[in-house]
Amino acid sequence: MDLYVFCNPHSRLTVRFLLLLYFASWCLNTVSVITVKSCMEEERRALLTFKQHRTDLNDRLSSWVGHECCGWRGISCNNRTGHVSKLDLRNTYTFSEEWNYTRRDSPFSR
18 MDLYVFCNPH SRLTVRFLLL LYFASWCLNT VSVITVKSCM EEERRALLTF
68 KQHRTDLNDR LSSWVGHECC GWRGISCNNR TGHVSKLDLR NTYTFSEEWN
118 YTRRDSPFSR
């Protein structure tokens with residue numbers, strides 16, 4: 018029975034078609050993995066306008082220069098489309114150590 022399946026011309030054609038389909042799907046998946054290196058120009062300009070209207074005392078936006086805005090600190094982009102997907106401007110400074118230090122040495126704590 019197994020020998021008949023491999024000798025049957027219809028079966029060989031089916032196997033070839035399935036192999037071709039597999040190869041085509043592999044190629045399409047490989048192409049879809051290609052990543053975009055930079056964000057969209059309109060979004061880059063919008064981010065630079067946002068930066069221009071902010072006072073950045075802690076230099077958190079200092080990496081926001083050039084055309085590769087997907088690599089700027091606090092910016093995350095979609096790898097396939099290049100669109101900005103996340104803007105993270107949270108403060109990374111911890112106040113707990115500073116707060117404990119000032120409370121112990123404060124004239125009000127005595």
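In my numbering, each number is its position in the sequence shown, counted from 1, plus 17.
For each residue, glycine too, the CB sits at the ideal point set by N, CA and C.
Would residue i and residue j be called neighbours here (beta carbons separated by less than 7 angstroms)?
i, j, result
"glycine 91", "aspartate 105", "yes"
"leucine 64", "cysteine 87", "no"
Among residues of its own chain, excluding the 5 on either side of residue i, which ones have a beta-carbon nearer than 8 angstroms to its beta-carbon?
i, result
"histidine 100", "Cys56, Met57, Glu60 and Cys94"
"serine 102", "Ser93, Cys94 and Asn95"
Using C-beta distances below 6 angstroms, list every residue in its chain close to residue i, excluding the 5 sequence neighbours before and after it, in chain order.
i, result
"serine 80", "Trp89 and Arg90"
"threonine 98", "none"
"lysine 68", "Leu78 and Trp81"
Give the DSSP bridge partners of residue i, in chain order.
i, result
"valine 82", "Answer is none; valine 82 lacks a bridge partner."
"valine 101", "Cys94"
Looking at the structure shown, is residue i part of a helix, part of a strand, or coil, going by DSSP?
i, result
"threonine 72", "coil"
"cysteine 87", "helix"
"leucine 106", "coil"
"arginine 77", "coil"
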